[in-house]
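Read through the structure below, which is laid out as structure tokens, and then see the notes.
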Amino acid sequence: MNYRDEKKCAVCESTQNITLGQSCIGAVSYLYCERCRKEDYEPYGALTAMGMRFQHLTDEMKHIVVRNLIFHNKTIEEFDNDVKAFVESYT
Ligand SMILES: [Zn+2]
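The sequence shown begins at 947 in our numbering and counts up by one.
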């Protein structure tokens, strides 16, 4: 297996049509498949790593996060718990 074969979407692990893209939630880049890039889907870990509970997000970010939570099959409560766990692991 060469490097090219290992390229996969950071969100859904698809290996089809993978490109490097700018995340819509931070100054980082991930490999995205065509669908995830178009839909602004982000890796779940990147969402919780923002370290902000849902109610503290801007309206624009709430919109993005809600769409992502539906995609990742998570509730806002689960999201907040995962953010809390992330923050606590760094304090
Ligand atoms: Zn994808």
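Where a beta carbon is used, it is the ideal one built from N, C-alpha and C, also for glycine.
What you are looking at is a predicted structure, and each value in this text was computed from that prediction instead of being measured.
Residue 1035, enclosing alpha helix (DSSP H) - first and last residue: Residues 1022-1035.
If you measure from the CB of residue 975, is any heavy atom of ligand 1 nearer than 7 Å? no
Should residue 1025 go down as buried or exposed, given a rule of 16 or more other Cβ atoms within 10 Å for buried? Answer is buried; the Cβ neighbour count reaches 16.
What residues match up with residue 978 in a beta bridge as DSSP calls it? Listed as beta-bridge partners of residue 978 by DSSP are 965.
Ligand 1 heavy atoms versus the CB of residue 1036: any closer than 7 Å? no
Got a sec, what are the start and stop residues for the alpha helix (DSSP H) residue 993 sits in? 990-994
Helix or strand or just coil, what does DSSP make of residue 947? Caution applies to residue 947, whose pLDDT of 44 falls short of 50 and renders its modelled position unreliable; the model cannot decide the point.
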